[in-house]
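Going by this note's numbering, 1307 is the number at position 366 of the sequence shown; the sequence numbering is gapless.
Let me begin by presenting the structure, written as structure tokens, before commenting on it.
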Amino acid sequence: MEGTKLSDFLLSILTLCLYAFLSIVALAKLDVTLCLLLIMELQKNALMALDTIHQKPTKGIPSWLIHPMEHRIIDRLAGVPEGTYKTDPETTYVRMQRNIGTCMLDQFIPKNPLKMGDHGFDDGTQKSATTGVNEIVLDGIVINSPEAVVEHMEKFVFPPLREEITAFDAETYARQFIDKKRTVQETLGPDILHASCDGAGHPYLFYFSYGYAYYFMAYALYPELMEKHFSLQADLIVMKNRVLAKVFREEHLPPMMRIGQDLADSRGTLVDPTSLDEIWFPHFTRSVKPLVDAGIRLIWHCDGNLMQMVPRLLEAGLYGFQGFQYEDGMDYEKICRMKTKNGDGLLIIGGVSVTRTLPFGTPEDVRKEMTWLVEKGPKTGLFLGGSSSIAPGVSWGNIKTLVEGLRYYREKGRN
């Protein structure tokens, strides 16, 4: 009898708590599903990630995702029989992230490794404008000169952009964004925080459509046309980012978004950064301003040697960086000492190098690099992972050491 009374009492308390929560949600006009997920996310790993985004002190250092491209490695980390990933990629990929203790995942691309075989791209892989296609043909136009790039942009890029600007529906865009975030968060479960990746983003350089050679010839010869493209992109993106700023605020989403485009190789930026100052950065800055003003911490993905652009990106309002290629000249230690435009410390996603240490180093090299990342990284606002996708061919010993290191720093922190 006493046990029944106690159960009834606890049930009453839980019911009152639920009613109170739903009342708060209703008054604040919040999305119930997302709010429930936010409560669920207050488990150890996800809470550590959320605190780190807010740059609060944490006992451990949270793990960012790792993204192996070799299917056997994914299966092994997921603890499933070999071949499982290929037949059930999403479930296996999520299981891998849970098994290795991922705390925060921003880009959810579970089927991405399917485009590679065990030894990288095979002969059957469809090539693109930047991966060796023999001839680039877009909308019936053969891209074989900078003038062909100009012709295609004026006929097939600018008009649809103008139409999209005119037809933009803020409510539909907000709902699509929320629905996607809800779906991913529910898929990941309560102990992996889903941050955002790209969203509306910023103006892009369209070399991925036209190939490097002819696009950058057009960039050099026709800067007015390129700025027109950046301006039109920005006109649309500003509207989208205003919507996202409102969504982040009203839905209480984790205030971080990773954006970026590969704008550098091992030698430096793909174009003279002073030309970006003239025709790209003004439109980039106005594109991200709604997010920056809303307090959303923008993290730039930076392959190659991007050192010349780092101060410019910080001046535009960015909050941190991910994707360092240390061997190309990215000065991790110097960047980690930098401040935001407002004088705050940076958010850094520091990763063991996927182009040097993981493929060519030893387990001891992996351990040393992780120690260096922690010792020289920011005291708050640091995530650890791989610096980018892990290509096929990395030894199991190095993968295992990386995962063990992530667990060590997640549990022990800097102690």
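C-beta atoms are modelled at their ideal positions from N, C-alpha and C, and glycine is treated no differently.
Please read these numbers as outputs of a predicted model, since none were measured by experiment.
As the crow flies, the alpha-carbon of isoleucine 1240 is around 31 Å from that of valine 1090. Just measuring C-alpha positions, the residue of Arg1199, Glu1256, Met1250 sitting nearest arginine 1227 is Glu1256. In this structure, DSSP gives arginine 1355 a state outside helix and strand, which the three-state scheme calls coil. In the structure shown, cysteine 1138 falls within a strand segment according to DSSP collapsed to helix, strand and coil. Per the Cβ contact rule, the segment 1046-1060 is in contact with the segment 1126-1145 (3 or more Cβ pairs under 8 Å).
According to the DSSP assignment, isoleucine 1015 belongs to the alpha helix (DSSP H) that extends over 1012-1019. Residue state for alanine 1111 is assigned as helix, using DSSP reduced to three classes.
Around the C-beta of leucine 1254, 16 or more other C-beta atoms lie within 10 Å, and the residue is accordingly described as buried. Residue environment analysis places lysine 1122 among the buried positions, since at least 16 neighbouring C-beta atoms fall within 10 angstroms of its C-beta. Membership of methionine 989 in the alpha helix (DSSP H) is indicated by the continuous run 985-994. The DSSP assignment places 1164-1192 as complete runs of the alpha helix (DSSP H) inside the segment 1162-1203, in order along the chain (cut-off: 4 residues).
In the DSSP annotation of this structure, valine 1293 is not part of any alpha helix (DSSP H); the continuous beta strand (DSSP E) holding it starts and ends at 1288-1293. The straight-line gap separating the alpha-carbon atoms of phenylalanine 1222 and alanine 1161 is approximately 16 Å. Within the segment 1193-1269, the runs of beta strand (DSSP E) at least 3 residues long that lie entirely inside it are, in chain order, 1197-1200, 1238-1242, 1261-1263. Glycine 1042 and isoleucine 1084 have their alpha carbons spaced roughly 46 Å apart. Secondary structure note for leucine 1299: its alpha helix (DSSP H) is the uninterrupted segment 1298-1301.
Between the alpha carbons of glycine 1284 and leucine 1259 lies a distance of about 12 Å.
The Cβ neighbour count for glycine 1236, taken over all protein chains shown within 10 Å, is under 16; the residue is labelled exposed. Going by beta carbons, histidine 1012 and tyrosine 1026 fall inside the 8 Å limit.
The Cβ atoms of aspartate 1080 and phenylalanine 1097 lie closer than 8 Å to each other. Membership of phenylalanine 1149 in the alpha helix (DSSP H) is indicated by the continuous run 1148-1151.
Taking all protein chains shown into account, alanine 1111 has fewer than 16 neighbouring C-beta atoms within 10 Å of its C-beta and is therefore exposed. The continuous stretches of beta strand (DSSP E) do not include leucine 1006, and DSSP gives it neither H nor E.
DSSP places leucine 1325 inside the beta strand (DSSP E), whose first and last residues are 1323-1327. Counting C-beta pairs closer than 8 Å gives three or more between the segment 1286-1299 and the segment 1319-1330, which meets the contact rule. In this structure, DSSP gives lysine 1280 an extended state, which the three-state scheme calls strand.
Taking the Cα positions, glycine 1142 is about 20 Å away from glutamine 1126.
If you keep only unbroken alpha helix (DSSP H) runs of at least 4 residues inside the segment 1053-1108, you get 1087-1093, 1099-1108. Taking 8 Å as the cut-off, the beta carbon of threonine 993 is found closer than this to the beta carbon of glycine 1322. DSSP, reduced to helix, strand and coil, places isoleucine 1331 within a strand of the structure shown. Nearest in C-alpha terms to aspartate 1029, of all of Arg1039, Asp1016, Asn1040, Gln1038, is Asp1016. Of the candidates Ala1154, Lys1056, Gly1261, Gly1270, Gly1270 places its Cα closest to the Cα of asparagine 1246. Taking the C-beta atoms as reference points, histidine 1224 is found no nearer than 8 Å to proline 1101.
When only Cα atoms are considered, isoleucine 1276 and tryptophan 1313 end up about 14 Å apart. Out of Glu1352, His1008, Ala990, the CA that lies nearest to the CA of proline 1131 is found in Ala990. Scanning Gly1020, Tyr1151, Leu1055 for the CA closest to the CA of glutamine 1038 turns up Gly1020.
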